[in-house]
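What follows is one structure encoded as structure tokens, with my remarks underneath.
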Amino acid sequence: MHQSRRFVLFAAVTLLIAGASQVASAQQPNIVGTWKWTRMKDGCTEQYAFRADGTVSIKRGDKQTENTYLMSWAPEPNGRYKLTVVTVRDDGGRDCEDSTEDSTGRRSTVYILFGQSRETMIQCDSRDGANCTGLMKRTAP
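For what it's worth, my numbering labels the leading residue of the sequence shown as 2, then goes sequentially.
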């Protein structure tokens, strides 16, 4: 194949890949920001501040923790995104479950289902949607 045709073919493939990547990232929900919800039964508030560096501060009631997180790039077949959180520091206090247990080192996996606007989400303990928390609303980007 002639050199200039190879270049044109290479450029076209590169643009196609870049375009597909931009479409995929536009469809990928962004969890970065501050999310909040208040339990109806007792008025206890939970707040999650996800940062772009893979860390998240979680405040549940009076309990504050610092954590790392990893969200899957692709949703499960049911549309939920797998989110793994590891607690690196527990500053103590009583959480919304009335527990004061130190959660340092705890690893948990939840499944996030985003609302159509991507400004709301629910968090479930299992892939099938059992034990869900929310509706959480994004309160800050």
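In this text, a Cβ means the ideal position worked out from N, Cα and C, and glycines have one as well. None of the values given here were measured: they were computed from a predicted structure.
* When DSSP labels each residue in this structure, what does Ala-75 get in the three-state scheme? -> Looking at Ala-75 - three-state DSSP - the assignment turns out to be coil, as it is neither helix nor strand.
* To do: Return helix, strand or coil for Asp-63, following the three-state DSSP convention.
  => coil
* Asked: When the Cα atoms are used, what is the spatial distance from Gly-106 to Thr-88?
  -> 5 Å
* Asked: So, helix, strand or coil for Ser-100, using DSSP?
  -> Under the three-state reduction of DSSP output, Ser-100 falls in the coil class, being neither helix nor strand.
* Work out the CA separation of Thr-66 and Ile-59 for me, nearest whole Å. => 5 Å
* Buried or exposed (CB count within 10 angstroms, at least 16 for buried), Ser-104 -> By the 10 Å Cβ count, Ser-104 comes out buried.
* To do: State the start and end residues of the unbroken beta strand (DSSP E) segment that holds Gly-106.
  => No beta strand (DSSP E) holds Gly-106; DSSP gives it neither H nor E.
* Out of Thr-85, Ala-131, Met-72, which has the shortest C-alpha to C-alpha gap to Ser-109? -> Thr-85
* Straight-line CA distance for Cys-45 to Ala-75? -> 32 Å
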